[in-house]
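Novice:
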Amino acid sequence: MRKFFMGLLVGVLMCLSSNIVYAGSLQAAEVNVSVTGDLNFERDKVSTFNESKTISGTAEKGTDIDIVVYTKSFYGRFKEVESYSIKVGDSNLFSQALGLRVGENYIEFRASKDGLKDYYKSVIVNRKNKAIKTQLENSIYIP
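In structure tokens:
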């Protein structure tokens with residue numbers, strides 16, 4: 357009987373002590389990234405006539421940056437077209453030119469670093485045809 361109570365006591369102590377073993381913060385800090393350049397991630401959708409856009413900015417050394425460009429297919433599904441992986445170096449700067457296709461281009465930007473919460477942004481860039489630009493430039497509007 358004594359062995360049974362000792363075993364029960366050890367089991368209860370093991371269960372109770374496991375809750376206080378981890379004393380770290382439950383909220384992980386987010387990766388420190390500042391994105392600048394041609395893309396505005398504050399908006400959901402932007403339009404352009406340009407064939408490319410540039411993402412640049414600053415991040416801590418050792419940050420892994422992944423950029424994926426998708427285009428909308430004829431069937432309405434997004435298909436991956438380009439993918440870039442960048443490791444931020446000593447200068448704490450990064451820059452990447454992204455090629456755009458005519459139509460909707462969905463761009464995902466993700467920055468990650470060991471032990472920190474990922475930084476994620478996305479935007480849809482609608483690249484217009486050059487013919488539309490020419491037509492708009494040659495149009496005469498009478499108020």
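Position one of the sequence shown corresponds to residue 357 (our numbering), numbered consecutively onward. All residues carry an ideal CB built from backbone N, CA and C; glycine is no exception.
So what does DSSP say about L454, is it helix, strand or coil?
Specialist: It is a strand residue.
Novice: For R399, which option in R358, I480 and K489 has the closest C-alpha, if you only look at C-alpha atoms?
Specialist: The option with the nearest alpha carbon to R399 is I480.
Novice: By a C-beta neighbour count over all protein chains shown, 10 Å radius and 16 as the cutoff for buried, is R433 buried or exposed?
Specialist: Its Cβ having fewer than 16 others within 10 Å, R433 is exposed.
Novice: In angstroms with no decimal places, state the Cα-to-Cα distance between T414 and S408.
Specialist: T414 and S408: Cα-Cα distance of roughly 20 Å.
Novice: Check each candidate in M370, F465 and V387 and name the one with the smallest Cα separation from G418.
Specialist: Of M370, F465 and V387, the residue nearest in Cα terms is V387.
Novice: Check A487 in the structure and name its three-state DSSP category.
Specialist: DSSP places A487 in helix when its eight states are reduced to three.
Novice: Check whether the Cβ atoms of D420 and S441 lie closer than 8 Å to each other.
Specialist: Yes, these two residues count as a Cβ contact at 8 Å.
Novice: What do you reckon, is the C-beta of L365 under 7 Å from a heavy atom of the ligand GTP?
Specialist: The ligand GTP is not part of this structure, which contains no ligands at all.
Novice: Can you tell me whether L395 is buried or exposed, with buried defined as 16 or more other CB within 10 angstroms of its CB?
Specialist: Buried, because 16 or more other Cβ atoms sit within 10 Å of the Cβ of L395.
Novice: With burial defined as no fewer than 16 other Cβ atoms inside 10 Å of the residue's Cβ, what is the status of F450: buried or exposed?
Specialist: By the neighbour-count rule (16 or more Cβ atoms within 10 Å), F450 is buried.
Novice: Hey, quick one: how far does the beta strand (DSSP E) through Y431 stretch, first residue to last?
Specialist: No beta strand (DSSP E) holds Y431; DSSP gives it neither H nor E.
Novice: Under DSSP, the beta strand (DSSP E) around E386 begins and ends at which residues?
Specialist: First-last for E386: undefined, no H or E at that position.
Novice: Roughly how many angstroms separate the alpha carbons of K401 and K484, rounded to a whole number?
Specialist: Answer to the nearest angstrom: the Cα atoms are 13 Å apart.
Novice: My output table needs one value for N494: the three-state DSSP class, helix, strand or coil.
Specialist: Looking at N494 - three-state DSSP - the assignment turns out to be helix.
Novice: Starting from the C-beta of F465, find all residues in its chain whose C-beta is less than 6 Å away, skip the five residues before and the five after it, and write them out in chain order.
Specialist: So the qualifying residues of the chain are I423 and K477.
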